[in-house]
Amino acid sequence: AQTVTQSQPEMSVQEAETVTLSCTYDTSESDYYLFWYKQPPSRQMILVIRQEAYKQQNATENRFSVNFQKAAKSFSLKISDSQLGDAAMYFCAYRGNNDMRFGAGTRLTVKP
Amino acid sequence: KAGVTQTPRYLIKTRGQQVTLSCSPISGHRSVSWYQQTPGQGLQFLFEYFSETQRNKGNFPGRFSGRQFSNSRSEMNVSTLELGDSALYLCASSFWGPQETQYFGPGTRLLVL
Chain L
1 AQTVTQSQPE MSVQEAETVT LSCTYDTSES DYYLFWYKQP PSRQMILVIR
51 QEAYKQQNAT ENRFSVNFQK AAKSFSLKIS DSQLGDAAMY FCAYRGNNDM
101 RFGAGTRLTV KP
Chain D
1001 KAGVTQTPRY LIKTRGQQVT LSCSPISGHR SVSWYQQTPG QGLQFLFEYF
1051 SETQRNKGNF PGRFSGRQFS NSRSEMNVST LELGDSALYL CASSFWGPQE
1101 TQYFGPGTRL LVL
């Protein structure tokens, strides 16, 4: 079964600094998708970034970028120039053939 | 374009009752997925529907069921409610499936007493 592990329950970053959230996954599939979702206190889940496993190039969305290491089954999220609005729970997610699996989440605090 | 809507937003039920939750996807989206979020188990996948067909199902007991209508609206039903069913139930829609960008609704918070 595919599992998704986020080893950092909580992270803290100073405003304008950079922070990296870790995610590892386990799978026997070769074709899959990986995501980072953000859930602010309002509870509305929002997609931050998406990576297709067959693409070697790391996905980037403005201040958000990933480091996708397929062989290591690692998918970390880097947030540059952190803003107060980035404070939220961040979930790493895996989509294979049959379902979606989420990590336990990392609570990110941004200090002014 | 209107976002994903879920009704009701809050619900209180007692053990043994049944409940039906509704999800209206973004116009044009044909895929709807449901998720359960609890403090203990985190986010867990329930079902995925596409064009009225259930494509995938998560590891939940048969008390959890769902369906999708021809207008892509979806409902999920939980029968014989248990205390452990208390959760935030999230619905998400996309054009083709969860491999794409999914847009989530605000969720329905269910409390079972």
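Just so you know, the protein sequences line up as chains L and D, in that order. Take this note's numbering: the last position of the first sequence gets the number 112, and nothing is skipped along the way. Take this note's numbering: the last position of the second sequence gets the number 1113, and nothing is skipped along the way. A virtual CB, placed ideally from N, CA and C, is assigned to each residue, including glycine. No experiment lies behind these values; they were computed from the predicted model shown.
Comparing C-alpha positions only, which one of Ser1086(D), Gln1102(D), Gly1028(D) and Gly1107(D) sits nearest to glycine 1040(D)? Residue 1040(D) sits at position 40 when you count from the first residue of the second sequence. Taking only the C-alpha atoms, the option nearest glycine 1040(D) is Ser1086(D).
I want to see whether chain L comes within less than 8 Å of serine 1033(D), judged by CB atoms only; does it? Residue 1033(D) sits at position 33 when you count from the first residue of the second sequence. Among the residues facing chain L, serine 1033(D) is included, as its CB has a counterpart in that chain under 8 Å away.
Leaving aside the five residues before and after methionine 1076(D) along the sequence, list all residues of the same chain whose C-beta is less than 6 Å from its C-beta, in chain order. As a position in the second sequence, residue 1076(D) is number 76, starting the count at 1. Result list for methionine 1076(D): Leu1021, Trp1034 and Gly1066, in chain order.
Could you check the C-alpha separation between alanine 88(L) and asparagine 1071(D) for me, to the nearest Å? Along the first sequence, read from residue 1 onward, the residue named residue 88(L) stands at position 88. Along the second sequence, read from residue 1 onward, the residue named residue 1071(D) stands at position 71. Between alanine 88(L) and asparagine 1071(D), the C-alpha separation is close to 33 Å.
Using a Cβ-Cβ cutoff of 7 Å, what residues of the region 1082 to 1106 of chain D are near chain L? List them in chain order. Leu1088, Leu1090, Pro1098, Gln1099, Thr1101, Gln1102, Phe1104 and Pro1106
What residues in the region 97 to 110 of chain L have a beta carbon less than 8 Å from any beta carbon of chain D? Among the residues of the region 97 to 110 of chain L, those with a Cβ less than 8 Å away from any Cβ of chain D are Asn98, Asp99, Met100, Arg101, Phe102, Gly103, Ala104 and Gly105, in the order of the chain.
With 16 other Cβ atoms within 10 Å as the buried cut-off, status of leucine 1043(D): Taking the second sequence and counting its residues from 1, one reaches residue 1043(D) at position 43. Buried, because 16 or more other Cβ atoms sit within 10 Å of the Cβ of leucine 1043(D).
In angstroms with no decimal places, state the Cα-to-Cα distance between serine 107(L) and tryptophan 1096(D). Here residue 107(L) refers to the residue found at position 107 when the first sequence is read from its first residue. Here residue 1096(D) refers to the residue found at position 96 when the second sequence is read from its first residue. Going by the sequence as given, residue 107(L) is arginine instead of serine. Cα-Cα distance, rounded: 30 Å.
Does the pairing of the region 88 to 100 of chain L with the region 34 to 51 of chain L give three or more beta-carbon distances under 8 Å? yes
Backbone CA spacing between phenylalanine 68(L) and serine 1074(D) [nearest angstrom]: For the purposes of this step, residue 68(L) is taken as residue 68 along the first sequence, with counting starting at 1. For the purposes of this step, residue 1074(D) is taken as residue 74 along the second sequence, with counting starting at 1. Whole-angstrom Cα-Cα distance: 34 Å.
In chain order, what residues of the same chain lie with their CB nearer than 6 Å to the CB of glutamate 1048(D), ignoring the 5 residues before and after it? Position 48 of the second sequence, counted from the start, is the residue given in the question as residue 1048(D). So the qualifying residues of the chain are Ser1033, Arg1055 and Asn1056.
Pick from Ser12(L), Val13(L), Val19(L) and Ser28(L) that is closest to alanine 71(L), judged by C-alpha positions: Here residue 71(L) refers to the residue found at position 71 when the first sequence is read from its first residue. The candidate whose alpha carbon is nearest that of alanine 71(L) is Ser28(L).
Local conformation of glycine 976(D) per DSSP, three classes: Within the shown structure, residues of chain D are numbered from 1001 to 1113, placing residue 976(D) beyond reach of any answer.
Can you list the residues of chain L that glycine 1058(D) reaches, using a CB-CB cut of under 8 Å? Position 58 of the second sequence, counting from 1, holds the residue named residue 1058(D). Neighbours of glycine 1058(D) on chain L, chain order: Asp99.
By the three-class DSSP mapping on this structure, what secondary structure does serine 1042(D) have? Here the question's residue 1042(D) lines up with position 42 in the second sequence. Correcting the residue type first, residue 1042(D) is glycine in the shown sequence and not serine. The answer is strand: DSSP assigns glycine 1042(D) an E or B state.
What residue from Thr20(L), Glu15(L) and Ala16(L) has the CA that sits closest to proline 9(L)'s CA? The sequence position of residue 9(L) within the first sequence is 9, counting from 1. Ranking the options by Cα distance to proline 9(L), first place goes to Thr20(L).
Is the beta carbon of tyrosine 33(L) closer than 8 Å to that of valine 4(L)? Taking the first sequence and counting its residues from 1, the one referred to as residue 4(L) is at position 4. Taking the first sequence and counting its residues from 1, the one referred to as residue 33(L) is at position 33. Result no, Cβ atoms of valine 4(L) and tyrosine 33(L) do not sit closer than 8 Å.
Name the chain L residues whose beta carbon is nearer than 7 Å to that of glycine 1062(D)? Mapped onto the second sequence, residue 1062(D) falls at position 62. Going along chain L, no residue has its Cβ under 7 Å from glycine 1062(D), so there is no contact; the nearest lies around 17 Å.
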